[in-house]
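Take numbering that gives the first Met the number 0: the last position of the sequence shown gets the number 407, and nothing is skipped along the way. Everything on this sheet refers to the single structure shown next.
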Amino acid sequence: MERIVMKFGGTSVANPERIARAAQLVVEEVNRGKQVAVIVSAMGKTTDELLSLAQEVNPTAGRRELDMLLATGEQVTASLLAMAITAKGVEARSYTGWQAGVTTESVHGNARIEQVQADRIVSALETGAVTVITGFQGADASGELTTLGRGGSDTSAVAIAIALDAAVCDIYTDVEGVFTTDPRLIEKARKLEEISYDEMLEIANLGAGVLHPRAVEFAKNHLMPLRVRPAHMDGQGTVIKEEIDLENNLVVRGIAFERDVVRITVMYDVPYNGSLANIFTALAKHHVNVDIIVQTIREDVQPSVSFSIKKEDFAEAINVLESNKEELGYSRADFEVGLAKVSIVGSGMVSNPGVAANMFDILRQAVIPVKMVSTSEIKVSVVIPEPEMEKAVTALHEQFGLDVTGAK
Ligand code: ADP
Ligand code: ASP
Ligand code: MG
0 MERIVMKFGG TSVANPERIA RAAQLVVEEV NRGKQVAVIV SAMGKTTDEL LSLAQEVNPT
60 AGRRELDMLL ATGEQVTASL LAMAITAKGV EARSYTGWQA GVTTESVHGN ARIEQVQADR
120 IVSALETGAV TVITGFQGAD ASGELTTLGR GGSDTSAVAI AIALDAAVCD IYTDVEGVFT
180 TDPRLIEKAR KLEEISYDEM LEIANLGAGV LHPRAVEFAK NHLMPLRVRP AHMDGQGTVI
240 KEEIDLENNL VVRGIAFERD VVRITVMYDV PYNGSLANIF TALAKHHVNV DIIVQTIRED
300 VQPSVSFSIK KEDFAEAINV LESNKEELGY SRADFEVGLA KVSIVGSGMV SNPGVAANMF
360 DILRQAVIPV KMVSTSEIKV SVVIPEPEME KAVTALHEQF GLDVTGAK
């Protein structure tokens, strides 16, 4: 009997009506003869609400207690969805992540899944029951509850699909599939029929919230077929897989963006003999995630290094720089807030050298200043002023031929 995994995101289980709709989709798959394991997120904005409750009670609450709190969100959905499926005449049982055998590393708030020991779920599926499992959580080797980071239910779904040797992992969400860019920002965004794991991984890593990057990584490593599908309507969604046909031969497949970027520039009075390692080791030690790095060493200009980080890491980064000023040997640090990162992604770029030049040209025509650049084989990212972000995405989307024709 074919096994499948269906995952429902927060919006898709936000109230009893939507839970009933999700239950209906599950029952339809059971009626098609499938064994179904369901993974769920917390209802609607529950995770945010739990976080603000914690903030009110204790703004410096430890990560262990936050995990205990956040893990409850998914548990509410799992039991309610199991009840809703049972109400439709199909047997269903809910399980927490640890009951389902999800073991993670021993880190709170952003743990990686290490193993899924799925025997209990397999036995339940073999009896004909639907299993409904809480996403976003597991337990470490000593039995402490852990969570996987925001958006982590996607990763639970893929990891469990791999452990169950499922035929497919369907991610049901509040849009019709993966689009050329976020359809909530750009009305002319077009739904993709398919996209490769590599492109999806870049787009997810570069800020598109539609899939948790680790979910794509797991799927790619195990060649698990992944689909992003609408929960609120019929539709096949987008298939994410290894090899895809090039739609319209477009070099750029998608555009991702991220707000709240900060650029920090560290300047030195004297030619810099120390190693870049010093500064970035100090930042890494304090868990500051550095993204793009640009260094200038020329005899006729003051040596400097600029790097970009997320706004949430800004206070910590400044703290690290100031408290280590002497060891790091710099004379002045400058920062610029209110920036955004916009990235174009496409496997076709590997064999098309002019794409970055094209991107800069489009931005110049739109009079948008580029503050930093970073490239890889299949993407080009630029840091620009945040107020210009929407204009930049709109122009790039149009000029690279991604606009839907006869827009909605
Ligand atoms: P869920 O709660 O189902 O996990 P998310 O909010 O995490 O849903 O992800 C879906 C959202 O991702 C969409 O509502 C959309 O605004 C956003 N998104 C960003 N980039 C894209 C993209 N390229 N294609 C589709 N959705 C995108
Ligand atoms: N409930 C968690 C979050 O809001 C996990 C998820 O939805 O994937 O981030
Ligand atoms: Mg999500």
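All residues carry an ideal CB built from backbone N, CA and C; glycine is no exception.
C-beta neighbour in chain D for residue i, strict 8 Å
i: N318; result: No chain D is part of this structure, which consists of one protein chain only.
Alpha-carbon spacing of residue i relative to residue j, whole angstroms
i: M82; j: A91; result: 7 Å
i: L225; j: R17; result: 23 Å
i: E28; j: V403; result: 32 Å
i: K390; j: D312; result: 26 Å
i: E385; j: R2; result: 45 Å
i: D169; j: E104; result: 25 Å
i: D290; j: A138; result: 30 Å
i: A314; j: K33; result: 50 Å
i: D333; j: V381; result: 19 Å
i: V89; j: G208; result: 33 Å
i: G127; j: V37; result: 14 Å
i: N288; j: P15; result: 39 Å
i: R20; j: H231; result: 8 Å
i: V319; j: Y94; result: 42 Å
i: M388; j: A283; result: 28 Å
i: L160; j: V26; result: The residue asked about is misnamed: residue 160 is Ala in this sequence, not Leu. For A160 and V26, the distance between alpha carbons rounds to 18 Å.
i: I112; j: S152; result: 11 Å
i: K44; j: H221; result: 31 Å
i: Y196; j: K219; result: 6 Å
i: E125; j: R119; result: 10 Å
i: P58; j: D66; result: 15 Å
Residue i: CB within 7 Å of a non-hydrogen atom of the ligand MG
i: G150; result: yes
i: G176; result: no
i: D173; result: no
i: D408; result: Examination of residue 408 is not possible in this model, given that the chain is present from 0 through 407 alone.
i: G72; result: no
i: G206; result: no
i: G8; result: yes
Chain-order list of residues whose beta-carbon lies under 6 Å from that of residue i (same chain, five-residue window excluded)
i: M42; result: V12, A13 and T76
i: F399; result: V251
i: I278; result: L327
Sequence-distant residues of its chain with Cβ nearer than 7 Å to residue i (five each side left out)
i: I194; result: V177, T237, I239, I243 and R252
i: V349; result: E376 and I377
i: V68; result: Per the sequence shown, the amino acid found at residue 68 is Leu instead of Val. The residues are L49 and A53.
i: A365; result: K390, A391 and A394
i: A22; result: L80, A83, I84 and K87
i: I361; result: A394, L395 and Q398
i: A123; result: R92 and T130
Residue i Cβ short of 7 Å to the ligand ADP heavy atom set
i: G236; result: no
i: T130; result: no
i: P212; result: no
i: P229; result: no
i: D169; result: no
i: D197; result: no
i: S40; result: yes
i: V37; result: no
i: P182; result: yes
i: G345; result: no
Beta-carbon contacts of residue i that lie in its chain and below 8 Å, excluding the five residues immediately before and after
i: M234; result: As written in the sequence, residue 234 is Gly, which differs from the Met given in the question. E175, G176 and R228.
i: V121; result: L163
i: A406; result: At A406, the pLDDT of 42 sits below 50, so the modelled position is not reliable; the number obtained from the coordinates is stated separately. If we look at A406 and ignore the five residues flanking it on each side, its Cβ neighbours are E186 and K187.
i: E216; result: L200
i: L249; result: G345, G347, F399, G400 and L401
i: E198; result: R252, G253, V344, G345, S346 and I377
Proximity test, residue i beta-carbon vs the ligand ASP heavy atom, cut-off 7 Å
i: A203; result: no
i: F135; result: yes
i: S322; result: no
i: T46; result: yes
**Message:** Below 8 Å, how does it come out for the stretch 131-140 and the stretch 179-186: are there three or more Cβ pairs, yes or no?
**Reply:** no
**Asked** Between the stretch 340-360 and the stretch 262-276, are three or more C-beta pairs nearer than 8 Å?
**Response** no
**Asked** Does the count of Cβ pairs from the stretch 257-264 and the stretch 334-341 closer than 8 Å reach three?
**Response** yes
**Prompt:** Is there contact between the stretch 140-158 and the stretch 103-118, where contact requires at least three CB pairs shorter than 8 Å?
**Reply:** Yes: at least three Cβ pairs fall under 8 Å.
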